[in-house]
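With my numbering as the guide, the letters of the sequence shown map in order to residues 1 to 358. So the structure is just underneath, and the comments pick up after that.
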Amino acid sequence: MFAYILKRILLMIPTLFGIMLLNFAIVQVAPGGPVEQLMMQLENGGKVNSTARFSGGGGEVAAPSSDYRGRRGLDPEIVEQIKKTYGFDKPAPERFYDMVVKYAQFDFGTSFFQDKTVVQLVKDKMPVSISLGVWSTLLVYIISIPLGIRKAMVDGSKFDVVSSFILVVCNAIPAFLIAIVLITLFAGGNYWDIFPLRGIVSDDWQEMSTFALIKDYFWHMALPIFAMTIGGFAVLTMLTKNSFLDEISKQYVLTARAKGLSEREVLYRHVFRNAMLIVISSFPAVLVGMLFAGALLIEVIFSLDGLGLLSYEAVISRDYPVFFGTLYVFTLIGLVMGLVRDLTYRMIDPRIDFETRG
């Protein structure tokens, strides 16, 4: 197993490299980089962001996509100075090489438009994303697995039909719409002002006791987590049900029943390990999706400043150090979660041997 783990870790290196190279190439042809934005501000007499500066790290990732000197009426020396400020005076291969070397040392540079390093920005936003992602994923699995098993055991019953209808409805409603309804009902909208609308803790959290802080934290996170969870467990529940139904119909289950084992013993001693493999295989995708992609609109609606919102704003503003830094972090977490999934496979079913797979 150690050899397999080592192989998977080594395979992460070319995977990361390929993803960064692909996105680097796409950025080269994307219009409207930070250089062009700054030059537009200068040409229009606008105020230039005083915190914008060369990152010295992951910022050197995109060259201007057009001939600025021909398009703008600025002095060529100013154009070259702006390019040098952002690190775009170097050839693209050299910029990519510098980025790879620094990223290998987890040096992501400094944001173009915020006077903070990318690492500091990620650290500041991480608690929000972790809070949303981890709690939502745990709730989804806590609800989906028992419900899916129950539906499989009473397949075709009234409970199965009614619960399937409810799951379809929950799955059809977008999370952001659920969030808006929750705000309207419970966060000072048109009805009750029960839950807060901003942040993950109150402003005076430093003065609270440990118990009061934990209570305040869950008080703030209740609505966002519920909004993300309500539509997230439908697919996993049906996946669990179908997986158990498939296993229950196999010959070894019939043999176990013929030996006189109770349904509970058959379910948890024989069926559970095999049926749970496919459910566990979806865990990395669910967690990463909850952490980043799925939380974007929730973060915006509930005014939660997390990684999803940070990445979105970086793309819009062409803040390349932040964009590439968060992309690197997201990809690395996804690869690590894939390895965790395989190790969990082995824990559930020791018969699985990844080292001897053809």
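Note that beta-carbon positions come from the ideal geometry of N, C-alpha and C, so glycine has one too.
Test item: CB-CB of residue i and residue j under 8 Å
| i | j | result |
| --- | --- | --- |
| Val118 | Phe108 | yes |
| Phe96 | Ile301 | no |
| Leu16 | Thr331 | yes |
| Glu299 | Gly308 | yes |
| Leu213 | Trp219 | no |
| Ser281 | Arg341 | yes |
| Leu182 | Leu223 | yes |
| Val134 | Tyr320 | no |
| Leu339 | Ile5 | yes |
| Ser243 | Ala275 | yes |
| Val279 | Glu247 | no |
| Lys102 | Thr110 | no |
6 Å Cβ shell around residue i - same chain, five flanking residues per side excluded
| i | result |
| --- | --- |
| Leu304 | Val128 |
| Ser191 | Note that residue 191 is Tyr in the sequence shown here, rather than Ser. These residues qualify, in order along the chain: Leu185. |
| Gly148 | Thr237, Thr240 and Lys241 |
| Ser50 | Reliability fails at Ser50, whose pLDDT of 40 lies under 50, so the model's placement of it is uncertain and the value that follows must be treated cautiously. Nothing listed; no residue qualifies. |
| Val154 | Asp160 |
Whole-number beta carbon distance between residue j and residue i, since they are thought to touch under 8 Å
| i | j | result |
| --- | --- | --- |
| Leu239 | Thr137 | Rounded, the Cβ-Cβ distance is 15 Å, inconsistent with contact. |
| Ile225 | Leu297 | With 8 Å as the limit, Ile225 and Leu297 do not qualify as a contact, their Cβ atoms being about 14 Å apart. |
| Ala295 | Met228 | 7 Å |
| Met1 | Leu335 | Not a contact, Cβ separation roughly 18 Å. |
Residues near residue i in its chain [Cβ-Cβ closer than 7 Å; skip 5 each side]
| i | result |
| --- | --- |
| His257 | Residue 257 is actually Arg in this sequence, not His. Once the five neighbours on either side are set aside, the close Cβ partners of Arg257 are Val266. |
| Ala310 | The displayed chain sequence assigns Leu, not Ala, to residue 310. Around Leu310: Leu121, Lys125, Val322 and Thr326. |
| Tyr217 | Ile200 and Val201 |
| Ile178 | Ala227, Ile230 and Gly231 |
| Ile19 | Thr331 |
| Met208 | Asp216 |
| Thr344 | Ile280 |
Cβ-based burial, residue i [other Cβ within 10 Å; buried from 16]
| i | result |
| --- | --- |
| Gly260 | exposed |
| Ile359 | There is simply no residue 359 to check, as the chain begins at 1 and stops at 358 in what is shown. |
| Pro14 | exposed |
| Gln114 | buried |
| Pro64 | Summary for Pro64: the model assigns pLDDT 40, below 50, so the residue's position carries little reliability, and this model does not support an answer. |
| Val168 | exposed |
| Val329 | buried |
| Pro196 | buried |
| Ala172 | exposed |
| Ala104 | exposed |
| Ala25 | exposed |
| Gly306 | buried |
Beta-carbon contacts of residue i that lie in its chain and below 8 Å, excluding the five residues immediately before and after
| i | result |
| --- | --- |
| Ile180 | Ile301 |
| Ile194 | Phe186 and Ala187 |
| Cys170 | Ile230, Gly231, Phe233 and Ala234 |
| Phe159 | Arg150 and Lys151 |
contact_flag[the region 230-238, the region 144-162] where n(CB pairs < 8 Å) is 3 or more: Touching, yes.
Examine the Cβ distances between the region 247-261 and the region 161-168 and report whether three or more of them are shorter than 8 Å. With the cut-off at 8 Å, the region 247-261 and the region 161-168 do not touch.
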